[in-house]
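Peer 1: Pasting a structure below so you can have a look.
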Amino acid sequence: MRSMETPDTPETPAATTGDRAGDDAAPGKGDGEKAPEPTGIAAQDWDTAAADPQYRAAVVDLLGALAYGELAAFERLAEDAKLAPTLEDKAELAKMASAEFHHFERLRGRLSAIGEEPTEAMEPFAAALDGFHRQTAPSDWLEGLVKAYVGDSIASDFYREVAARLDSDTRDLVVQVLDDTGHASFAVEKVRAAIEADPRVGGRLALWARRLMGEALSQAQRVVADRDALSTMLVGGLADGFDLAEVGRMFSRITEAHTKRMAALGLSA
72 MRSMETPDTP ETPAATTGDR AGDDAAPGKG DGEKAPEPTG IAAQDWDTAA
122 ADPQYRAAVV DLLGALAYGE LAAFERLAED AKLAPTLEDK AELAKMASAE
172 FHHFERLRGR LSAIGEEPTE AMEPFAAALD GFHRQTAPSD WLEGLVKAYV
222 GDSIASDFYR EVAARLDSDT RDLVVQVLDD TGHASFAVEK VRAAIEADPR
272 VGGRLALWAR RLMGEALSQA QRVVADRDAL STMLVGGLAD GFDLAEVGRM
322 FSRITEAHTK RMAALGLSA
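Each residue of the sequence shown is one higher than the one before, counting from 72 in the working numbering.
As structure tokens, this is what we get:
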């Protein structure tokens, strides 16, 4: 895992969630509705916001978790390519893996640029992410596609929710590295074709996706709970108007977006 309806804050995650899920996967603001101007930390640049040591620690945690997630995504896609049924599919996954590694390099470079050791920033999140991937190892090509589509999209939704409350420099970087590598449309096409060819496949993949959803949300909650600075930012210590009730609504928005992605795959949530 790197990687909910529209929040009431600027640069809303749901407005760009379609990068990974397809444009119809998650609702955004209505046409013509103007987002409010950024306030607080969201209106500051990195140099200003980083004067707060707790905020700085939260961002380092966030970038470390995201960087390790991108590295793990690269490794996973490279492994999934071995399961690909055709050379064309193998090449597509290899291209996506290369894009994930490029995202990792940008995050690693950013951590170095702000005076942090990338390996130290990533280390606290390695065990949790590795555990998630061990517990959700796909048994075949189709399960691998669903895992990448569902798991990465949930992670992206979560990070986009957080990004809306970051300083402008960090927010721009996070949104850019969450850009879709092409896996969303590729997964939808292949999974829907497989279900059309054999409808029995749909039931198995629906159960698999539900398991992924539960594991992904549990992992996200564990990661946040284990990191004081990051959890403080989420519940309002560092972010405008973000309280415990809003955290609950955030996870509800993630769940709603997941349901729409499942429909895009032709599966029941």
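Here a beta-carbon is modelled for each residue, glycine too, at the ideal position from N, C-alpha and C.
All of these numbers come straight from a predicted model, not from anything done at the bench.
So, are the CB atoms of D132 and R242 less than 7 Å apart?
Peer 2: Taking 7 Å as the Cβ cut-off, D132 and R242 do not qualify as a contacting pair.
Peer 1: Is the separation between the beta-carbon of L276 and that of V318 shorter than 7 Å?
Peer 2: no
Peer 1: Using the three-state DSSP reduction, which class does S210 fall into: helix, strand or coil?
Peer 2: coil
Peer 1: Sort I325, Q206, A113, H329 by Cα distance to F229 and report the nearest one.
Peer 2: I325
Peer 1: Just how far apart, CA to CA, sit T119 and T110?
Peer 2: 13 Å
Peer 1: CB A291 to CB M333, shorter than 7 Å?
Peer 2: Not in contact: A291 and M333 (Cβ atoms no closer than 7 Å).
Peer 1: Throw me the rounded Cβ distance for the A136 and F196 pair, which I believe falls under 8 Å.
Peer 2: 4 Å
Peer 1: Is the CB-CB distance between T252 and M167 below 7 Å?
Peer 2: yes
Peer 1: Write down every uninterrupted run of the alpha helix (DSSP H) in the segment 98-178 whose length is 4 residues or greater and which is fully enclosed by it, in chain order.
Peer 2: 117-120, 124-152
Peer 1: Is the segment 138-148 touching the segment 263-278, taking contact as three or more C-beta pairs under 8 Å?
Peer 2: no
Peer 1: Suppose you measure from the CA of D238 to the CA of G273; what does that come to, to the nearest Å?
Peer 2: 42 Å
Peer 1: Rounded to a whole number of angstroms, what is the C-alpha to C-alpha distance between A219 and V246?
Peer 2: If you draw a straight line from the Cα of A219 to the Cα of V246, it comes to about 18 Å.
Peer 1: Buried or exposed for V259, please, with buried defined as at least 16 other CB atoms from any protein chain shown within 10 angstroms of its CB.
Peer 2: buried
Peer 1: Roughly how many angstroms separate the alpha carbons of P189 and A316, rounded to a whole number?
Peer 2: 33 Å
Peer 1: Would G285 be called buried (16 or more neighbouring beta carbons within 10 Å of its own) or exposed?
Peer 2: exposed
Peer 1: Would you identify the three-state DSSP class for T252, choosing helix, strand or coil?
Peer 2: Looking at T252 - three-state DSSP - the assignment turns out to be coil, as it is neither helix nor strand.
Peer 1: Do you know whose CA, among P156, T207, E163, D116, lies nearest L278's CA?
Peer 2: Of the residues P156, T207, E163, D116, the one whose Cα lies closest to the Cα of L278 is T207.
Peer 1: Would you kindly work out how many angstroms separate the C-alpha atoms of S183 and L301, rounded to a whole number?
Peer 2: About 20 Å.
Peer 1: So, for R177: in the same chain, excluding its five sequence neighbours on each side, which residues have a beta-carbon less than 8 Å away from its beta-carbon?
Peer 2: Cβ neighbours of R177 beyond the five flanking positions: L244, Q247, V248.
Peer 1: Can you look up S339 in the DSSP assignment and give me helix, strand or coil?
Peer 2: coil
Peer 1: Hey, how far is the Cα of A113 from the Cα of A235?
Peer 2: 7 Å
Peer 1: DSSP state of L301, grouped into three classes?
Peer 2: helix
Peer 1: If you reduce the DSSP assignment to three classes, tell me which class L276 lands in.
Peer 2: helix
Peer 1: Using a 10 Å radius around the Cβ and a threshold of 16 neighbouring Cβ atoms, would you call L200 buried or exposed?
Peer 2: L200 comes out buried.
Peer 1: Quick check: the Cα distance between W117 and G186, rounded to an integer number of angstroms?
Peer 2: Taking the straight line joining both Cα atoms gives about 13 Å.
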